[in-house]
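2 protein chains.
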Amino acid sequence: MNNKFFKFEVIHKSNKSRARVGKIHTPHGTIDTPNFVAVGTNGVIKALDSKTIEEIGVQLIFCNTYHLILQPGSELIKSAGGIHKFMNRQTPIITDSGGFQVFSLMYGGVHDELKSRGTKKHNNSILKITEDGVTFRSYRDGAKILLTPESSIQAQKSIGADIIVSFDELPPYHTSMQDLKKSLARTHRWEKRSLDEHKSNHGQQAIYAVIHGGLDQDMRKESCQYLSGLDFDGYGIGGSLGKTKEQMFELLKYLMPQLPENKPNHLLGIGDLNSINEIIPQGIDTFDCSHPTKAARHGLLFTKTGGMRVFKSGNSQKLGPIEDCCKCFTCKHYTLAYLHHLFRAHELTAYSLATIHNLHFLVRLMNDYREKILNDQI
Amino acid sequence: MNNKFFKFEVIHKSNKSRARVGKIHTPHGTIDTPNFVAVGTNGVIKALDSKTIEEIGVQLIFCNTYHLILQPGSELIKSAGGIHKFMNRQTPIITDSGGFQVFSLMYGGVHDELKSRGTKKHNNSILKITEDGVTFRSYRDGAKILLTPESSIQAQKSIGADIIVSFDELPPYHTSMQDLKKSLARTHRWEKRSLDEHKSNHGQQAIYAVIHGGLDQDMRKESCQYLSGLDFDGYGIGGSLGKTKEQMFELLKYLMPQLPENKPNHLLGIGDLNSINEIIPQGIDTFDCSHPTKAARHGLLFTKTGGMRVFKSGNSQKLGPIEDCCKCFTCKHYTLAYLHHLFRAHELTAYSLATIHNLHFLVRLMNDYREKILNDQI
């Protein structure tokens, strides 16, 4: 498939690691890679508006199809002229397939499922999983909804992000090898159906596959081989990445060399500060994570020396910015003492100002990573 | 007292009513009157930052001394260089004396007290009222705090607003004529002490008196006479203004002609849309009210035809601005359908965008009122 609206350029490969600097060109502009993708589940980055997000320089945001189809509905977004116009964002957006959230509902989230060691009772919001797709109940009005590869892609077409993601099955972490194999085969069939649906009404969108196979190296290899044989525009890395960061890093070490180098990849749902430092040298191009914005709202401010709690002793008296070197709107205009005061008073403004700072921190951090890769320092 | 840092100019008196257009000049710029004063209790307008407030054109904001002395403390604000620097606002600020909130605590708020018809049990956070002042417990840490005319003024000096307000006693609405008289006499003694304290360390601040006397015309007259005989820079209108708007309008009709015309007045805590239309022709120069910002956070959007609930049927599909004629940041960049979606999803961004709209509405409304007065249409 020759997608003239989407192009990935590799600018430089480090001679020290698999890290690379690239550019993803989309109908709404360019994403410099490697890059952090901010999470805007409901078509908004929490506590900020689209203009502010663009001023900070966040080049790509991740919206969740599951949430958007339940509210306001993909048809409304379509009639608004697509998600860019709906949320008034001029720059790139990616949506997921909705599958992750639907299956997370069943397992109560990956984290809970891990903690439960497989004993967790399944949530009854998923009514049925068949070869066709997944039937679940809307948390909003109890309506039955059938999400299939085709309906997910159609919804993502209505939403109209620059990059969409094929519909996959998310097996629980605690599953037998046999079930994992069955799930992988189904995921591959679903992804092929997603691609076919996408091709039937191509538009200007690009579509990413999602590599599965859990922690099993053979299955991950099989997934890379099968999906890279289809003409997806890029590759998400999904499914279980292990219980610990070390397992994830090991898995990526094995998996990354098997992905086509001429296409962009995206690590789904990972992006805490500790992980970033490990995944960049593995060659990850983009990754999304709600941690920086969620941490901000909980008063964890990112600094060069790590996360700093806004309530840390002494901060109430600190009449300077969060960090002297920071050039973000918050640090240019407000002191840490003021931010401390706003947090303590539960003022909503606190959450906005802290989010601006953390997102700006990530934008600067990713810029630094790209510089280092260009200089073969990583 | 000749205050070279504070000047009030009357630009035009309507020939149709007592309405007047003026300018209050302060060390941080000019306030066009009549004008609405936005409430920023904790040194912040809820859900917005100071830069945004200045862009909207809100010329004066009202901060609460009671809240600020409890947190972050007036000394911290002083060491930050004053409230303007602390909250990074370049334009005028007024603080109250803290008295209103302390007494409201005792009566559980004016509204509650009215509803209780005098039967409401008093809150035990006020420990003692003497000629010296009021001792109360901090809601933050339970510490005993003595607020006197002198300590209120000292705190307001540390906070450093352009306009400060003298310390008064707020009698409950349900009080005997005898008690009201006693309270008025004490308020006058406290206000005189406030003025003396202010004069001992004048600085660049202006000080307003607060006219009391409840609904009793004789006492209101006495209060106007006594306080206008002292060299205050302006006059707040406080105390009980009645149970109904009609009582308040009647009271103002009687009271306003007794205030010196060459000084600005301020109606304390009133500013709903219905009242504004009645108080402007009475000659009110400024008034503060938390309603426009609170209404915004509750999804009540101001329009030319009155308040509109964001959840009103049809709004979820309205792909245009809140009002076509509105030039606010929110209406320029976002649709009502998007705002509806954000409110429904409980996104914090909703509260910011709605607040911007309502404050901009008030700024425009007050501009329109001034135009009309200049043309003798009011």
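Just so you know, the protein sequences line up as chains A and B, in that order.
Here the first sequence stands for residues 0 to 377, where the numbers follow numbering that gives the first Met the number 0.
Here the second sequence stands for residues 0 to 377, where the numbers follow numbering that gives the first Met the number 0.
C-beta: ideal position from N, C-alpha, C; glycine also.
- Sequence-distant partners of A/L126 (beyond 5 residues in either direction) whose C-beta falls short of 7 Å from its own C-beta, in its chain, are T134, F135, R136 and K143.
- When DSSP reads this structure, B/G235 sits in a beta bridge with B/V209 and B/H265.
- One finds H332 and Y333 in chain B with Cβ atoms closer than 7 Å to the Cβ of A/N87, taken in chain order.
- The count of Cβ pairs closer than 8 Å, one atom from the segment 294–301 of chain B and one from the segment 276–284 of chain B, stays below three, leaving the stretches out of contact.
- Counting only residues of its own chain and dropping the five nearest sequence neighbours on each side, B/K6 has a CB closer than 6 Å to the CB of H24.
- Contacts between B/A160 and chain A, judged by CB atoms closer than 8 Å, are missing: the closest CB pair is about 16 Å apart.
- The C-beta of B/F99 has 16 or more other C-beta atoms within 10 Å across all chains shown, which makes the residue buried.
- Residue-level contact by beta carbon holds for B/P71 and chain A, with a gap shorter than 7 Å.
- Beta-bridge partners of A/D287 (DSSP): A/V36.
- Setting aside the 5 residues that flank it on each side, B/G270 is surrounded in the same chain by F35, F286, D287, C288 and H290, each with a C-beta closer than 7 Å to its C-beta; the list follows chain order.
- Residue pairing for B/H11: DSSP places it in a beta bridge opposite B/V20.
- Among the CB atoms of chain A, none fall inside 7 Å of the CB of B/V9.
- Put simply, of A/N261, A/Y253 and A/S274 the residue whose alpha carbon is nearest the alpha carbon of A/T243 is A/S274.
- Collapsing the DSSP output to three states places A/F310 in coil.
- Ranked by how close their Cα comes to the Cα of A/Y138, the residues A/T94, A/L194 and A/H66 have A/H66 in first place.
- Of all residues in the segment 29–45 of chain A, the ones placed with a Cβ closer than 9 Å to any Cβ belonging to chain B are T40, N41, G42, V43, I44 and K45, in chain order.
- The closest CA to that of A/L214, considering only A/K331, A/A353 and A/I236, is found on A/I236.
- B/H340 has a beta carbon lying within less than 7 Å of a beta carbon in chain A.
- Put simply, the CB of A/T348 is near chain B, with a gap under 7 Å to one of its CB atoms.
- Here DSSP, grouped into helix, strand and coil, assigns B/R296 to helix.
- Within the same chain, G42, L67, I82, F85, S157, I158 and G159 come within 8 Å of B/I76 by CB-CB distance, once the 5 residues on both sides are set aside.
- If you check the CB distance, B/S103 and B/I152 do not come in under 7 Å.
- Residue-level contact check: B/L300 does not touch chain A, since none of the beta carbons of chain A fall below 7 Å from its beta carbon.
- Here A/T51 is not bridged, per DSSP, to any residue.
- Look at the segment 290–319 of chain A: the residues with a C-beta under 9 Å from a C-beta of chain B are R296, S315, Q316 and L318.
- Short of 7 Å from the beta carbon of A/F328, and not among the five residues preceding or following it, lie these beta carbons of its own chain, in chain order: I355.
- Our two residues, A/R185 and A/N314, have alpha carbons roughly 53 Å apart in a direct line.
- Under the Cβ criterion (8 Å, minimum of three pairs), the segment 240–256 of chain A does not count as touching the segment 194–201 of chain A.
- Flagged as an interface residue toward chain B: A/A79, by a C-beta distance shorter than 7 Å.
- Residue contact check for B/A205 against chain A: no CB pair falls below 7 Å.
- DSSP places B/V43 in the coil class of the three-state scheme, outside both helix and strand.
- Under the three-state reduction of DSSP, A/T334 is assigned to coil, being neither helix nor strand.
- Secondary structure of B/T348 (DSSP, three-state): helix.
- In its chain, beyond the 5 residues on either side, D131 and G132 have a beta carbon closer than 6 Å to the beta carbon of A/T147.
- Take B/T29, set aside five residues on each side of it, and the residues of its chain with a beta-carbon closer than 6 Å to its own are K22, in chain order.
- For the pair of segments examined, the segment 214–224 of chain B was found to touch the segment 248–260 of chain B: the number of CB pairs separated by less than 8 Å reaches three.
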